Amino acid sequence: MRGAAGNGGPYRDFTCLALVLLLGFVCFLEDPDDLSNLEPMRVGGPYPAVEYELKVQWDAQREILHSRIVILRDIETHPKNVRYDAAGQLEVERLFAEAFLDLHRQGR
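Per my numbering, residue -15 is the first one in the sequence shown, and the count goes up by one each step.
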């Protein structure tokens, strides 16, 4: 698969087996930890197809070597609830580091 760089550059070859793909999945407390059995449906609100997108991302981690969905739930945010605060950012970094190390330990 050729990257957008075309004739070279940092994205010239996406077949490198050493690349790691970690995707953050921001979810609510009531959302499940495992979406394997999710039957996506259109929902109300500004993102009616969000369940379809989440299901595709979840299933992709089985197909893409060195990939993992990182569940981001109940992370501390800035008072205006726009971004994570310092403590929340540290928690996100810890969760991503754990996922990376877990993939490394599994040799996946």
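For each residue, glycine too, the CB sits at the ideal point set by N, CA and C. For clarity, every value in this text was computed on a predicted model and none was experimentally measured.
Quick one: does the C-beta of residue i sit closer than 8 Å to a heavy atom of the ligand SAH?
i   : result
D58 : No copy of the ligand SAH appears in this structure; indeed no ligand is present at all.
Locate the beta strand (DSSP E) running through residue i, then write down its first and last residues.
i  : result
L6 : L5 to C11
In three-state terms, what does DSSP make of residue i?
i   : result
D18 : coil
E77 : helix
G91 : coil
E23 : coil
Whole-angstrom Cβ separation of residue i and residue j, contact assumed at under 8 Å?
i   : j   : result
E35 : V27 : 6 Å
Just list the alpha helix (DSSP H) runs in the segment 25 to 70, keeping only unbroken ones of 4 residues or longer that don't cross its boundaries, in chain order.
At a cut-off of 4 residues, the continuous stretches assigned as alpha helix (DSSP H) that sit fully inside the segment 25 to 70 are 34 to 47.
Pairs of beta-carbons, one from the segment 2 to 9 and one from the segment 39 to 54, closer than 8 Å: are there three or more?
yes
Using 8 Å as the threshold, is the segment 55 to 71 in touch with the segment 9 to 29, meaning 3 or more CB pairs across them?
Short answer: they touch.
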